[in-house]
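Working notes, beginning with the structure itself.
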Amino acid sequence: MNPSNTFCGRTRREFLWQSGAAFPALGMVDLLSRDGYFPGAVSPQGANLRALDASAVSAGGENPMAPKTPHFAPRAKAVIFLFMYGGPSHVDTFDYKPALYPLDGKTIDIDTKGRGGTKKQGRVVGPKWGFKQYGECGKYVSDLFPHVGRCVDDIAFVHSMYADSPLHGSAMLMMNSGRILSGAPCMGSWVTYGLGSENENMPGFVVMLDQTGGPISGAKNWNSGYMPALYQGTVLRPHGEPILDLDLPKGMTMREQRRLLDTLREQNEAHLRSRFDDSDLAARIHSYELAYRMQTYAPEAIDTGSESEATKRLYGLDNARTEDFGRKCLMARRLVERGVRFVQIYSGGNHNDHNWDAHGDLVANHTKHAGDTDQPIAGLLADLKQRGLLESTIVVWGGEFGRQPTAEYAEGTGRDHNAAGFTMWLAGGGIRGGTSVGTTDELGNRAVDRPFHVKHLHATILNQLGLDPNRLSYFFAGLNQRLVGTEGAQPIRELIA
Amino acid sequence: MRFAGLCPGFLLTLGALAQAPDVGVPSGGAPTVGALAVGALGDGWSYRPLQRPAIPAVATGGWARNPIDHFILQRLEARGLQPSVAADRHALLRRITYDLTGLPPTAAEIEAFLADGDPEAYERVVDRLLASPQYGVKWGRHWLDLVRYAETDGYERDRKKPFVWRYRDWVVDALNADMPYAQFLRTQLAGDELPSPKVSDLIATGYYRLGIWDDEPTDPLQARYDDLDGMADTTARVMLGVSMGCARCHDHKRDPLPTKDYYSFLAFFENVRAYDLQAHSVPADGAAAGYAAALAEFHTAHEQSRTRLQAAARSAWQATSESARTQLSLVAERELLARFSGDRLVPTELRDERGAVTGKVRGQVVAIDGHNAGAMRFDGDDYVLLPRLVEDSFTVSFWVRSDQPGPGQADDTRWFTGAGLVDAEVPGIVRDWGIAWHSDGRLVAGSGDPDTFVASGPGYHDGKWHHVAFTRDREAGRITLFADGLKIGEAVGSTQSLDAPKHIAIGRMLPGGAGFRGDLDEICFYGRALTEEEVAAQALELPGGLSAPVVLAALPNQAGERAPLQEFLGLAGLRPPTMAVVEVLGVQENGRSGPEGFVRIRGNAHAQGASVVPAFPAMVGGGAAEVAPPEGDRPSSGRRTALANWITSPQNPLTWRVIANRLWQHHFGRGLVRSSNDFGRLGDLPTHPELLDWLASEVLERGGSLKAMHRLIVNSSTYRMASMPVPAAAEVDPQNDLFWRLDRRRLTAEEVRDSMLAVSGDLNLQLGGPSIYPLMPAEVLATASRPEDAWGQSTPEQAARRSIYVHSKRSLLEPLLASFDQADTDTSCPVRFATVQATQALTMLNGAFAQEQAEHLAARLRAGAADLSAQLELGLALVTQRPARAVDRDRLLGLASELQREFGKSADEALQRCCLVLLNSNEFLYLD
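Line by line, the protein sequences are chains A and B. If you're matching positions, the first sequence starts at 226 in this note's numbering and goes up one per residue. If you're matching positions, the second sequence starts at 77 in this note's numbering and goes up one per residue.
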């Protein structure tokens, strides 16, 4: 037996002392973080890299993934981002536009920009679903989302979102990393960089993809860009091996692996003995203990088998249609319960109608994707709420953009992309429920009242996590880089309870 | 200065969290650098002219081998420190072999070195390693990190950059050839503008095509400037150590770099033609001269045949009676189903000249003067739809003219990747066919189910009319493509009826594919496969048309003259000469004078500010560039040549310091300037400014020979020091700022993978060529938006090549390499991270590659030694490159016996597990 809380047979304090580290420094973490200094300190340009690397998984407070004190008292500890990849149509889901119905089939003058380019005219496709009022706030929600409709008093809608690109590739990068250019860290990377993770046995930022495949640009959507790979998203699978290379090889048991790891540790400790001041070597010894524990911990963390039947039903696990997304939502709850910071779940993958990208038949497309996700999403909100987790968890819903009020083609109901106005919603984590902020014009074409850019959404999420969006920075390429861009952005105040 | 006076040791412990905010971030205060006194260098040190410092005197005798040691020792002595002892021979051989080749030394190399008692034995090892082609593989990787080398564009489609691997090979070759550094930079910047560029010079300019590329930008002008920014910013950081990017939007906050200077620098690149997603064929070195002669010869022979045949056909035709002519024409033109030209084109319809078939015009097809009366002009998005006229045996012939190459890539000439000329494609594998205009003016044709293709050589986009015919013989399943009456090639495919298409499109690929830009005339459809003679008669426009061969065959022989029919066959045997070409992904410019440049206010490409001309940043001397276009009529401005001249000038204060620093960085684990891409005020100050300047002047002194610099650096006593702890020294200088020892380092991602292959015996050292595809776990493939098309396949031998050859796909990373901190390819990566993470342990313990390598290592051990004890000793020696110690062997023996005894493993399985432990050991992954 090897007590896991010792470090090569020594306590962490002894280790640090023997490593020649200046001890008073430990107290500095807190001091620095209160000053708001620690974010922005990692420089890939070379300075102090060895020191950074050494601490990457060492046993205690100097670990960059260890929980960090935020800039100010946080309202939320975790984020669950339900990414409706492909771009859901806002006028058919949450942005009620009565004026649009009577125009169905009429060609009107309207400025749009989408996949099909810039247009001055278009044939209106009236909303294909009716809207009903829900909750105390009386929010209109379309018949696509009867279950989510019942949660509106916990939800804040932003109807006046806009983004820089109406094209999937760049728009996905913008929603995930704040920029249309590839190469920047994603929001989950920023959050784990700023706050660390509360559970060293699990990755701090996990992503669950659709059964049909990843979104376009694949891993770029959960990549850590110019930050170390430590902060990138880890793909988690609901079936089979949950994390890449987590399962033991065929024919190996945990007990056997333990025996192997004991030999490895002895060998590595013998190697370390004459190199006692190298914390990288010690950290690497420790990383095997972490890996070993993760093998038991992670499968348990995502195992929904122990959940009650009522809980499973709540998420729609008893229905073949909702089972997949429901399971991922339930996994997400279990993960945030266990201290994972940022969970992203994709509804839709691959191309065309495998996701919300309804260019051809809007009715078939949205009926499918909304139907697959409505009950699981409502189940997630209800379950988080009944467990008191909604207070500390922000749930975000939306895609990379919305869709146009007019048709893309001469025939059919398909709508082209629309980045000039669309809806996102948030719930929990100190977000004011039953609120709607901003509006699009009466056709839902453009954000007109209180328009908010994607960066304002990002700023709001960081703010709720106790991070000042304009101070959370990382020095790279001669700039203090920020998720919200060098010009900064303020949170959307109306959303905050 | 809020942290001045803190014990520097805290940096070591806190690392990421506590990098003193005063270093490297613009939060104010004078920079502190390790143990170096602040203010000794002052602002803008790197912009001052390079001066060769005197070699300092040292008190300690007998340690210094060369001037480097004097610079290091003097500083150590000043702090009362001594250099560490020399590394032992095993450690030193291991270190130098990895540092120069990225590979572990082999058993034979170790043995030879240990047995060599010559005092110069180590120097000879250095020479041997520098002469190894694996040197270029190792150091090429450092350069590829800097220039953000990747083999795809990123974004939605993440397309492959065609033939980009030739750039990778160019870098490896240039380093192996010890190309002088100035030439190395100049060739990448402006190899195409050299007086007589070789193919390799053009390949080097692939430098400009390595970055991310959004083929569907939301704002094309802004995207254009993003691309130019990528070129300017990468050049400034990589070659000059200037981090310019922030001056794109506002004047640099710390360095004297106004926005105007940024856009003046950007102007050097502003004439570069936008990336067109294509490689371009260029004649192989020396091929063009021979080709011109061969082509002239061909044209002469072709013209002679044509003249003679026309004369013969004319007299034969005249000798034929009117009724016979009519009869012959009727026979020859039987099954001519339809004929279309510009003569019967109206805005909405294209009418068959024989009256039977009518095509629908989509868009606007314009009638112009054609090859013969009216032709049709297509501008890329207009086309004509015909009903399906043919399906079994048939011929389609027409005249085509264009001065633009088609879409598609030269290494993928499937017809449906081109622009449709006459096309009946149906997506998916079905019974379809088509003729298309392809890359570099190629004519291509094919049919589906199974896919069968024929392609011509390049160059038909010469603005002249060319005759094209495509025949399909259903019985034989044969398709044949003809150009200008000559058979280009044939292929055999399905014998089924090609009845899948509903329509035939003229001027565009059927289902919304690429459109043709150019002219078409006299499009004929026949319900039979014409013979070679008939096609030639049609293409040569012989009197009698398709009947000409029959008439000529009947012509009586004249004395001494071959039968004209034989001439047809001779003509058919005549082939256009082929020119050896190389597909090059390089740079092109838009013309001999570049556009006027402007400041773009706040980085907004649409907001033009003051006008700028190509000029060098004022902070580094400045001045407008003298620009002259290259000799001849090449469409290039010479701007990039002017830039290359300035960058590679011996007077440039940055270039030589920057490369000297990079050489140091990759031998010592960090640069003398730690921020090796930023020598400005936001970067770190050099820990040894005099040494840096001396090394920089030495690069110039040695003619830019990087190998000479390696020799100098690694032969120093400084490089040969041990890495072991010295507590007393660590007390004074815990960060080793003064180099009292050599820092231990982890293997890089590529070294980890390559070393596993090397010790297992699998490693394939083949150099160069298209990239390889190691087995990708299904779980990783599933993250791609098209999992089934996301990755390729290589044979096991190919998959075991060095990691530099692993296909670098921006949206799908090889998990082992990614996990060990491979460079991010979206921006220039000057310093790799070297993280330690639990996921690395998982990959090395449970991953399929680690398992396979452990298995192969075990097999190698079984083959190389008789009993388990000897096998484990061999394994330890392979992995650590030193003789096995008994204690290490016994530990593994204990494991092996326990695995057999308590876990029921076979002896082979137990050995394999021991091998897995060996591959996971710290000693394997770290270099002393």
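Ideal Cβ positions, reconstructed from N, Cα and C, are used throughout, including at glycine.
| task | Please state whether DSSP places L661(B) in a helix, a strand or coil. | result | L661(B) falls in the coil class under three-state DSSP.
| Can you give the Cα-Cα distance for Q298(B) and A681(B), rounded to whole angstroms? | Approximately 5 angstroms between the Cα atoms of the pair.
| request: In the DSSP assignment, find the unbroken beta strand (DSSP E) run with A1074(B) in it and report its ends. | output: Nothing can be reported for residue 1074(B): it is not among the residues displayed for chain B, which extend from 77 to 1004.
| Proximity below 8 angstroms, CB of A605(B) to CB of D499(B) | no
| field | Backbone secondary structure at I677(B) - three-state DSSP | value | helix
| Rounded distance between the beta-carbons of Y310(A) and G541(A), thought under 8 angstroms | Not confirmed; about 20 angstroms, so no contact.
| request: Could you check how far apart the C-beta atoms of V689(B) and G673(B) are, in whole angstroms? I think they sit under 8 angstroms. | output: With a Cβ gap of about 7 angstroms, V689(B) and G673(B) count as contacting.
| query | Are the region 420-431 of chain A and the region 567-578 of chain A touching, with three or more C-beta to C-beta distances below 8 angstroms? | reply | The region 420-431 of chain A vs the region 567-578 of chain A: in contact.
| Residues in its own chain within less than 6 angstroms of S405(B) by CB, not counting five upstream and five downstream? | Correct list, in chain order: S623.
| said: Spatial neighbours of I735(B) within its chain, please: C-beta separation below 7 angstroms, excluding the five flanking residues on both sides. | reply: Cβ within range, chain order: Y257, V775.
| query | Is any beta-carbon of chain A found at less than 8 angstroms from that of S794(B)? | reply | Here residue 794(B) turns out to be Thr, not Ser, going by the sequence shown. For T794(B), the answer is no, since every Cβ of chain A falls outside 8 angstroms of its Cβ.
| task | Count the other C-beta atoms from every protein chain shown that fall within 10 angstroms of the C-beta of I444(B), then say buried if there are 16 or more, exposed otherwise. | result | I444(B) counts as exposed, since fewer than 16 other C-beta atoms from the protein chains shown sit within 10 angstroms of its C-beta.
| request: Can you tell me which of the three DSSP states M452(B) falls into? | output: Three-state result, M452(B): strand.
| field | Secondary structure of F724(A), DSSP reduced to three states | value | Since the first and last residues shown for chain A are 226 and 722, residue 724(A) lies out of range.
| query | Which residue comes first and which comes last in the alpha helix (DSSP H) that contains L971(B)? | reply | 962-979
| field | beta strand (DSSP E) segment containing G419(A), residue limits | value | Residue range 412-420 is occupied by the alpha helix (DSSP H) that includes G419(A), with no beta strand (DSSP E) assigned at that position.
| C-beta neighbour in chain B for H576(A), strict 8 angstroms | Cβ-Cβ to chain B under 8 angstroms: yes for H576(A).
| request: Might you give, ordered along the chain, the residues of its own chain that have their beta carbon closer than 6 angstroms to the beta carbon of D599(A), omitting 5 neighbours on each side? | output: F370, H372, V373
| query | Does the region 373-389 of chain A come within contact of the region 643-655 of chain A, defined as at least 3 CB pairs closer than 8 angstroms? | reply | yes
| task | Mark R233(B) as exposed unless 16 or more other C-beta atoms lie within 10 angstroms of its C-beta, in which case mark it buried. | result | buried
| query | So, helix, strand or coil for G115(B), using DSSP? | reply | Because G115(B) carries a pLDDT of 42, less than 50, the predicted location of this residue cannot be relied on, and the following value inherits that uncertainty. Secondary structure at G115(B): coil, using DSSP grouped into helix, strand and coil.
| query | Does the region 918-929 of chain B come close enough to the region 807-818 of chain B that 3 or more CB-CB pairs lie under 8 angstroms? | reply | no
| Span of the alpha helix (DSSP H) holding M920(B)? | 914-922
| For K336(B), does the three-state DSSP call read helix, strand or coil? | helix
| query | Can you name, in chain order, every residue of its own chain whose Cβ lies under 6 angstroms from the Cβ of G306(B), other than the five neighbours on each side? | reply | G287
| message | I want to verify the contact list: residues of chain B whose CB lies under 8 angstroms from the CB of M207(A), in sequence order. | response | Outside the shown range of chain A, which is 226 to 722, sits residue 207(A), and nothing can be said about it.
| query | Between the beta-carbon of E608(B) and the beta-carbon of H447(B), is there less than 8 angstroms? | reply | no
| query | Which residues in chain B sit within 7 angstroms of L506(A), going by Cβ to Cβ distance? | reply | N998, Y1002
| query | Candidates L841(B), A656(B), L921(B), G868(B): which alpha carbon is nearest R877(B)'s? | reply | L841(B)
| query | Is there at least one Cβ from chain A nearer than 8 angstroms to M800(B)'s Cβ? | reply | yes
| said: Please tell me whether S713(B) and C600(B) are closer than 8 angstroms, where the distance is taken between their beta carbons. | reply: No, these two residues do not count as a Cβ contact at 8 angstroms.
| When the Cα atoms are used, what is the spatial distance from R242(B) to G844(B)? | So the alpha carbons of these two residues sit roughly 8 angstroms apart.
| Which word fits L90(B), buried or exposed, when buried means at least 16 other C-beta atoms lie within 10 angstroms of its C-beta? | Its pLDDT being 25, under 50, L90(B) is placed unreliably by the model, and the measurement read from it follows with that caveat. Burial state of L90(B) is buried, judged by a 10 Å Cβ sphere holding 16 or more other Cβ atoms.
| message | Report the start-end ranges of each alpha helix (DSSP H) in the region 729-753 of chain B that is 4 residues or longer and not cut off at the edges. | response | 731-744
| Who are the Cβ neighbours of A291(A) in its own chain at under 6 angstroms, not counting the five residues just before and after it? | G421
| Taking Cβ positions only, does I288(B) come closer than 8 angstroms to chain A? | yes
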